[in-house]
Amino acid sequence: MSETPLLDQIPDGPWPSFVKEIRKTAELQEKAIKEGKEIKMPGCARAVLKQLERSYEDKKTHWKHGGIVSVVGYGGGVIGRYSDLGDELPEVHHFHTIRVNMPAGWFYSTKALRQLMDVWEKWGSGLLNMHGSTGDIILLGTRSEYLQPAFEDMMKMDPPFDIGGSGSDLRTPSCCMGPALCEFACFDTLDLCYDLTMEYQNELHRPMWPYKFKFKISGCPNDCVAAKARSDFAIIGTWKGDIQIDQEAVKEYAEWMDIEEEVVKLCPTGAISYDAEKKEIKIDNSNCVRCMHCINKMPKALKPGKERGATICIGAKAPCVEGAIIGWVAVPFIPADELKDRVKEIVEPLWDWWDDEGKFRERIGEFLWRMGMGKFLRVIGQEPDVRMIKHPRTNPFMYFEEKELRPSKVVEELKKRGIKFKSLEREEEEE
Amino acid sequence: MSETPLLDQIPDGPWPSFVKEIRKTAELQEKAIKEGKEIKMPGCARAVLKQLERSYEDKKTHWKHGGIVSVVGYGGGVIGRYSDLGDELPEVHHFHTIRVNMPAGWFYSTKALRQLMDVWEKWGSGLLNMHGSTGDIILLGTRSEYLQPAFEDMMKMDPPFDIGGSGSDLRTPSCCMGPALCEFACFDTLDLCYDLTMEYQNELHRPMWPYKFKFKISGCPNDCVAAKARSDFAIIGTWKGDIQIDQEAVKEYAEWMDIEEEVVKLCPTGAISYDAEKKEIKIDNSNCVRCMHCINKMPKALKPGKERGATICIGAKAPCVEGAIIGWVAVPFIPADELKDRVKEIVEPLWDWWDDEGKFRERIGEFLWRMGMGKFLRVIGQEPDVRMIKHPRTNPFMYFEEKELRPSKVVEELKKRGIKFKSLEREEEEE
Amino acid sequence: MATEKPPWWKTDFGPPKYDLFLPEVIKKNYGKWAYHEVIRPGVIKRVAESGDVVYTVRFGTPRLISIYTVRELCDIADKYCDGYLRWTSRHNVEFILTDESKIDDLIKEVEEKVGFPCGGTWDTPRGKYGLTNIIHTQGWVHCHTPAIDASGIVKAIMDELYEYFVDMKLPGLCRISLACCANMCGAVHASDISLVGIHRTPPLVDDDAVRRMCELPTTAASCPNAAIRVNAKKKTVEVDGEKCMYCGNCYTMCPGMPLFDPENDGAAILCGGKVSDARHPPELSKVVVPWVPNEPPRWPGIVEYIKKIFMAWANNAKKHERMIEFIERIGWERFFELAGLEFSWHLIDDFRVPPFMYASYRVGTQFRW
Amino acid sequence: MATEKPPWWKTDFGPPKYDLFLPEVIKKNYGKWAYHEVIRPGVIKRVAESGDVVYTVRFGTPRLISIYTVRELCDIADKYCDGYLRWTSRHNVEFILTDESKIDDLIKEVEEKVGFPCGGTWDTPRGKYGLTNIIHTQGWVHCHTPAIDASGIVKAIMDELYEYFVDMKLPGLCRISLACCANMCGAVHASDISLVGIHRTPPLVDDDAVRRMCELPTTAASCPNAAIRVNAKKKTVEVDGEKCMYCGNCYTMCPGMPLFDPENDGAAILCGGKVSDARHPPELSKVVVPWVPNEPPRWPGIVEYIKKIFMAWANNAKKHERMIEFIERIGWERFFELAGLEFSWHLIDDFRVPPFMYASYRVGTQFRW
Ligand code: SRM
Ligand code: SRM
Ligand code: SRM
Ligand code: SRM
Ligand code: SF4
Ligand code: SF4
Ligand code: SF4
Ligand code: SF4
Ligand code: SF4
Ligand code: SF4
Ligand code: SF4
Ligand code: SF4
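Protein chains in written order, with my numbering: chain A, -11 to 419; chain B, -11 to 419; chain C, 4 to 372; chain D, 4 to 372.
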């Protein structure tokens, strides 16, 4: 009888099977050992299957709670993991993962990938996730003592691969394929992603904040890396000015597309009209909210306006602790050529402030809820803008700064009594 | 020079002037005194003007903080008020208001009104608000010692007028004119308002809850007493079944109304279609959200469906303390003929629970936020319904009752350790 | 005090029953109205299933009125309406006639004798809307917590918008309301346009009054922002001015916490609320002007803002569009531009207490069976 | 540990620069793409302004793969694509071809040798959408907090919905995702359909582990519901079972707070979230099924619910309508009916912590200049 009767049912069905991948790894690693390759975690893949079978029987995980492991010089990037079946299955007693910082846009040369696979054939389980949810290459399962040599081998690759983020640090930034393959990209996503990653290597590798912080970068509002939902700081391509129209191409689409039904009627603000006679469309750009729908429908005919840039949405995260957040508009527009500088000018004082005043395990979104947008905008030097809100506040409980008050006896008296007024300024640090 | 140069500017302009009303009162009361009428608060109206002039100069109120005054046998209905200019203006040193419970729908006979005016000519300032924001007749300004005789004179009227609510009690219920004048009324608003007012005289007159509680009753979703925004417990007429259509009347409207533009296109769910040829409309009633728009547009042609009743919306209130609330759907439908009974069956256990567990100054809406809708629905014996929400919850942080759990070792062990599980039942009162 | 009560003594007898106050024609057609038509501004013709017809004629009032005015109204009701009259839910008075030919005389008599203008109706079938009265509160005439006056501001605004009351020339319904402090007795939290009195300075604690009249822990607990600390030693409380949002809750609970500053009190202006479910579900009002100072007796600053907001809507809304429908169509961005308003950080919500379920609970009565 | 580092030693060198990994044709046309067309399921033709054309061919993967599989993919990329390949943001692998005639061979080779199916694309111009891969997380393969497995459930669902991956016959985009616990590493909070592992019993405190490994105040403070009390005497913590919502925050902070119950752990199912701004702004997912038990290895209960929800949409949505657009058109009432779901009190929000600003902050990028 099979040792894994439950898992045996998984390769059924047309979708590629992860169980098959684990089996294949087990078999080919055994073969490689026979061929004399140096493999440090023999039997590991097979043990993974056995442990997983046990989980399928017991309906629960058999991995124990975390554990701190790392490589020299780094504070994060490795997730410690131990099995609670370690006695039975010593091959998976340690099963740490290494997060490897993927290249921007997940483009690879086979040359580089092969080298990385060689490292992981030798030092690890031979299993990996392409990719982790944050975007890293996740090398699944090795022992504490192999973490360091595995990383050292990565250093020696050409080009070398570095470690990604984990813990309360900057997480590995990711971006959509943008200008590499997509006609909609409003700025160079790959370049910005690389630039930020390189600029903030220290923040990425040494957890030191109240909690994690994620950048994600999409070239347009379609948001193909889900930045708006999954990153504390989302950089989303957009534009000002008129959508570019090629009326000839409109005519081509008109041959087979019901432009009235599928474009005009689906524009969320009714900004488009279509002249069925002339087969031409007209856009009231002052009423366009740049949702992308018309452009998505007619990529050959329509292009984003010429003044390109990005919107910053802030605060997105999963529901723990204070509820899930989709990021909200914090900076309506930064011109494309100012992005690298402006993002840094915004994020650095923000980190600084959060680092000082954020609570343990308080994400930026929650922190800003607590501190208020007024103060946030002051900290990052951004003017308030109606574009930041769905609608203005519904309660009259507004604060006023001292400088907004008129001189009066009451104000004098309050000051005399030492009452401090609300202020949006950050208090100067005590030296 | 005038004693009230600022107020003198108020009668300017075409809108009727409250200053003129106060002056008129002052003048006519003086005349009445000369004619030998018994008037207990002479000079009061004129003093009101003087004090108001001072407020206009100083840009602040000159009324002092509250004060508890009442009539024998009642805990509320009178708002105590003293002037901080009492020395200068002894006529308004005391300036308490009496809230008089208006008749349902604000219908009056002149006979009754005249009697009430006589009472107030004698015992009060001669000024009143028709009406207060909750709906009461507000008799503005008298002295503590006149409260009792004024009320006794009201007792003696034919018909007598009773006192309204104030403080942490049931507030004077109000309702729209409903069946008395309006073709849209889905149930008898006046009758229900009167019935509830009479049933809960004790709750209305003796403050004993954590905070105030308001009933407001509108005969249809147009909500002409703003119940949805202004009452803890809003009873809003509605219907099930098909909107009644008189196609002949549709044809009449079609003569001058652009039915396509103004009715069809403005239906929020696109439930209406119009056959311009036949001049007939068709309604997909399963998709109608009973917004009233089409009926409002064509009152002669369209009528609410035949199965009449009401929706209960709960929790509305002004922003203090926890933010303003528009009531949310708590009971989607109660048939018209069951309203009197069902409302009482719902509200009594609710009061009981709130009274027991509500915090001081916690309105029902805030209380239910704190306790959760699950428990509330159990308390009032109402099944959860998708009609209560705009959309289901966005977080996975649900509670489960013990009876919803499957038997398991963990559950056994937790119980052994004395861990109590979440429960929606109200704890039995300790005797 | 269980003294002997006189024979006529009673309590809890409740309001007079409504049917005592209904004219015969209403009793007869009660619940059996067929339809209505607005035949001219202020006058609604109501037709019953029986064929009976009544005309309700509506007049604006300043709400705060004299007993002598009420008597005058009674005189007129006796003359034209068999001795009955009613008030509406928005401070207007209505006369119910059965004889169409008397309408002109009635209107003339009310306007001339009492000085109340006929109007305030809206004609949805024809898409012609009048402006009705402003719901409002006590202000400096009676209350102890107001940051602004009520009646005086209402008068100034209605003088300015008078033509819209006596005529029906607006694109949609527009409800204006006013409350003189954040308690919002005028329920301005769901109006097309509204004003609320706000303070802008923390309470100036009157230690003496606190000691005499207030329970310290209750006073501290009354603050939604936990800005009040008990100073047990000095037997008083202290306010953290950086946390205080000037809501006045503490003053409601304790007379020792006044927060009046004539120079800094004033009004916030809101818009975009509604109550009816017609087309668009109910909505809370949103603050669009954080503060306008008190300028008695005619409040020109407030009137100007209200006019700007009102006209931005009146001139640009489509037929039947209420403020929020209009704004949602054109966007808040465009609305701020059109109305000439400035956006500032005050308008971004930062109140610590969140209407959380609110974000997902369904308000209003729009749903399907 | 400042030991001497070898000469090749370095840290913080960062990822390889992306341009090392771009094929020539991309470098040449970088940022200069004109338009694209989906020429068949899985194959996108991209035309550059220069007139150059590339074809991206997309294949589904199980995400958890073998180094040997990667090598096989590399072999194929060497053969057809000059040694380059890429992964997408949803676990799919893409080959970029310049020679249209090689597409068939490439697909055949991947499908036969590696077993990965070609598909997962969507063609918005033509309004024909394919289903793409399921974003998911570690589950029982690696994590310590899961309430469900990840890969096994994904496999069961994708087996069931396979035909929609390899063909483009859906009315709109549909993103499915899965996270094995409320930490939601799969970011299921904004997907058309999603699953999240949930626990249903409070932590069974392991006093011993708490003593050894946890700081008591931190553990207590980690609870969003203040359900944890420090028992200083016993040097451990106690949980108030009535307040606990089984979120697992305490377990994340302290290994002594396990909350696993094989019989009562399971999945909640959500729907109606989205991320793009296309037509409708981004939306959070909403819970529509409070709990489905774990039924390894094929999770028939979960699969059935997903299928019901998916088909209710697929069969009834209009062209381009995503789940939330569809539901908002027909109403949640009708949706629960159509999908055969039951409404229960669990689905009414009662989480104490409110996304308050959220209710008014604008999400997404829809606004006017
Ligand atoms: C590996 C990965 C899941 C995967 O299978 O892909 C992952 C795995 C873990 N996440 Fe995550 N998260 C991963 C992406 C995410 C994402 C998605 C994203 O980044 O786009 C999210 C949601 C977005 C967000 O950041 O909010 C996410 C939200 C969390 C949270 C909740 C954070 C919150 O503020 O709500 C936790 C809890 C914590 O940090 O204590 C968490 C914690 C964890 C831990 C470290 C478990 C723990 O409690 O300490 C998991 C380790 C699992 C393991 O044994 O391997 N993980 N985690 C993803 C990282 C791979 C990579 O680097 O590429
Ligand atoms: C007289 C009246 C205003 C008016 O001019 O019409 C009024 C006047 C006062 N209200 Fe009010 N409220 C009046 C209707 C309302 C309404 C409107 C309604 O009932 O439709 C509301 C908003 C709806 C609601 O209930 O939330 C209202 C919400 C408040 C609040 C805030 C309650 C809250 O939960 O947010 C307070 C504060 C309090 O109760 O401590 C309050 C408190 C007060 C006090 C008693 C002042 C105080 O702090 O103790 C005012 C006495 C004023 C005076 O000197 O005459 N009043 N109050 C209204 C009652 C007249 C009547 O009986 O007909
Ligand atoms: C008399 C009064 C009821 C009462 O018992 O006193 C009343 C009477 C009528 N209302 Fe009203 N409404 C009255 C206050 C209200 C209120 C309450 C308020 O403003 O505080 C509302 C809710 C306002 C809101 O949503 O903010 C209200 C929202 C409506 C609507 C919804 C219109 C909309 O587009 O939102 C209708 C339907 C319509 O006319 O289209 C309506 C319709 C009507 C009709 C046509 C009903 C009928 O068939 O007779 C009445 C005459 C309309 C006219 O004046 O031309 N009534 N109506 C109230 C008059 C107040 C006044 O003096 O101006
Ligand atoms: C390859 C990839 C980007 C990457 O860097 O990896 C990508 C590629 C494209 N996306 Fe995307 N999207 C990719 C993930 C996403 C995501 C992220 C996600 O799903 O987690 C989203 C957000 C989903 C959401 O809103 O929940 C996304 C929302 C869109 C949209 C918006 C469609 C909508 O109706 O909401 C478009 C526009 C369209 O096609 O109509 C779009 C359009 C496109 C276009 C047409 C862009 C272009 O001109 O090339 C690309 C090919 C579409 C196709 O497959 O037929 N892409 N796209 C990602 C493929 C994932 C996969 O393997 O399936
Ligand atoms: S986010 Fe926009 S630019 Fe980036 S790949 Fe998607 S559609 Fe293209
Ligand atoms: S991008 Fe969106 S909002 Fe703008 S015109 Fe096109 S469809 Fe309309
Ligand atoms: S709420 Fe409805 S029933 Fe009552 S008066 Fe208004 S329109 Fe008529
Ligand atoms: S009542 Fe409203 S939702 Fe129903 S059909 Fe008429 S306009 Fe449409
Ligand atoms: S709104 Fe405030 S100030 Fe005005 S009457 Fe009500 S409690 Fe008094
Ligand atoms: S005014 Fe409001 S916020 Fe300020 S101290 Fe008083 S209760 Fe607190
Ligand atoms: S979702 Fe939860 S269980 Fe799954 S990988 Fe993330 S932390 Fe682990
Ligand atoms: S599971 Fe969550 S709610 Fe329960 S005790 Fe732990 S942290 Fe608190």
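The beta-carbon is built from N, C-alpha and C at its ideal position, and this holds for glycine as well.
Do the CB positions of residue i and residue j come within less than 8 Å of each other?
i         : j         : result
Leu181(B) : Met280(B) : One detail in the question is off: residue 181(B) reads as Cys in this sequence, not Leu. Taking 8 Å as the Cβ cut-off, Cys181(B) and Met280(B) do not qualify as a contacting pair.
Asn1(D)   : His94(D)  : The structure shown has nothing for residue 1(D), since chain D only spans 4 to 372.
Met105(A) : Val73(D)  : yes
Ala14(A)  : Arg42(A)  : no
Ile56(A)  : Ile151(A) : no
Gly251(D) : Cys184(D) : yes
Asp211(D) : Arg381(B) : no
From this set, the options, which residue's C-alpha is nearest residue i's C-alpha?
i         : options                                    : result
Pro206(C) : Cys121(C), Leu262(C), Ala80(C), Ile151(C)  : Leu262(C)
Asp272(A) : Val252(A), Ile223(A), Gly123(A)            : Val252(A)
Gly17(D)  : Cys164(A), Leu192(A), Leu327(A), Gly120(A) : Leu192(A)
Ala320(D) : Asp85(D), Lys172(D), Arg93(D), Lys111(D)   : Lys172(D)
Ile377(A) : Glu392(A), Met386(A), Gln370(A), Ala318(A) : Ala318(A)
Arg296(A) : Pro167(A), Thr122(A), Arg87(A)             : Pro167(A)
Would the segment 107 to 118 of chain B and the segment 27 to 34 of chain B be scored as touching if the rule is three or more Cβ pairs under 8 Å? Short answer: they touch.
Can you give me, in chain order, the residues of the segment 193 to 227 of chain A that have a beta carbon less than 7 Å from any beta carbon in chain D? From the segment 193 to 227 of chain A, only His193, Pro209, Asn210, Asp211, Cys212, Val213, Ala214, Lys216, Ala217, Arg218, Ile224, Thr226 have a Cβ closer than 7 Å to chain D.
Tell me whether the segment 49 to 69 of chain B and the segment 140 to 154 of chain C touch, counting them as touching only if at least three CB pairs, one residue from each stretch, are closer than 8 Å. These segments touch.
Chain B contacts from the segment 217 to 251 of chain C (Cβ-Cβ distance under 7 Å): Result list: Pro227, Cys250.
4 or more residues per run - each alpha helix (DSSP H) lying fully within the segment 116 to 154 of chain A: Entirely contained in the segment 116 to 154 of chain A, the alpha helix (DSSP H) runs reaching 4 residues are, in chain order, 132 to 144.
If contact is defined by three or more beta carbon pairs under 8 Å, each pair taking one atom from either stretch, is the segment 198 to 207 of chain A in contact with the segment 346 to 357 of chain A? Yes: the two stretches touch, three or more of their Cβ pairs being nearer than 8 Å.
What residues in the segment 252 to 274 of chain C bring their beta carbon closer than 8 Å to a beta carbon of chain A? Per Cβ criterion, the list reads Phe263, Asp264, Pro265, Glu266, Asn267, Ala271, Leu273.
In the segment 87 to 103 of chain D, which residues sit with their C-beta less than 8 Å from some C-beta in chain A, listed in chain order? Flagged, chain order: Tyr87, Leu88, Arg89, Trp90, Thr91, Ser92, His94, Val96, Ile99.
Taking Cβ-Cβ distances below 8 Å as the criterion, which residues of the segment 293 to 311 of chain B are in contact with chain A? Using a CB distance below 8 Å, the part of the segment 293 to 311 of chain B facing chain A consists of Pro307, Gly311, ordered along the chain.
Using a beta-carbon distance cut-off of less than 7 Å, what residues from the segment 320 to 340 of chain D approach chain B? Answer in chain order: Trp335, Glu336, Phe339.
To test your reading of the DSSP string, which unbroken beta strand (DSSP E) runs of 3 or more residues are found completely within the segment 239 to 297 of chain C? Within the segment 239 to 297 of chain C, the runs of beta strand (DSSP E) that reach at least 3 residues and sit entirely inside it are, in chain order, 239 to 242, 269 to 274, 289 to 296.
May I ask you to list, following chain order, the residues of the segment 376 to 395 of chain A that have a beta carbon less than 8 Å from some beta carbon of chain B? For the segment 376 to 395 of chain A, which is checked against every Cβ of chain B, the residues closer than 8 Å are Thr382, Asn383, Pro384, Phe385.
Taking the runs of the alpha helix (DSSP H) that are 4 residues or longer, which of them lie wholly in the segment 26 to 111 of chain A? Contiguous alpha helix (DSSP H) elements confined to the segment 26 to 111 of chain A occur at 32 to 46, 98 to 111, taking only those with 4 or more residues.
Which residues, in order along the segment 126 to 137 of chain A, keep a beta-carbon less than 8 Å from a beta-carbon of chain D? Cβ contacts with chain D come from Leu128, Gly129.
At a Cβ cut of 7 Å, what residues of the segment 226 to 257 of chain B count as close to chain D, listed as they run along the chain? Taking 7 Å as the Cβ-Cβ cut-off against chain D, none of the residues of the segment 226 to 257 of chain B qualify.
Please identify, using Cβ separations under 7 Å, the residues of the segment 107 to 125 of chain A that lie next to chain E, in order along the chain. Of the protein chains in this structure, namely A, B, C and D, none is chain E.
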